[in-house]
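Asker:
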């Protein structure tokens, strides 16, 4: 696994964790968190598979 792929995995996890933290503090609605998670995983998978 290259450093770029490892970076994609780490950054994706951080983005999703940040979205859940914002939901916990009431800054995001549940639909926003779900949308963030789905879009983040889709983008990361796309970039991961094309590298």
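Residue numbers (the working numbering): 14 to 64. Yeah, the Cβ is synthetic: ideal placement off N, Cα and C, and Gly gets one too.
Taking just the CA atoms, how far does residue 25 sit from residue 62?
Answerer: The straight-line gap from Cα to Cα measures roughly 14 angstroms.
Asker: Between the alpha carbons of residue 46 and residue 36, how many angstroms are there, rounded?
Answerer: Computed Cα separation, rounded: 7 angstroms.
Asker: Spatial neighbours of residue 33 within its chain, please: CB distance less than 8 angstroms, with the 5 preceding and 5 following residues excluded, ordered by chain position.
Answerer: Result list for residue 33: 46, in chain order.
Asker: Grab the span of the alpha helix (DSSP H) containing residue 40 for me, first residue to last.
Answerer: Premise fails: residue 40 is in no alpha helix (DSSP H) and is neither H nor E.
Asker: Where does residue 14 fall in DSSP's three states?
Answerer: It is coil, neither helix nor strand.
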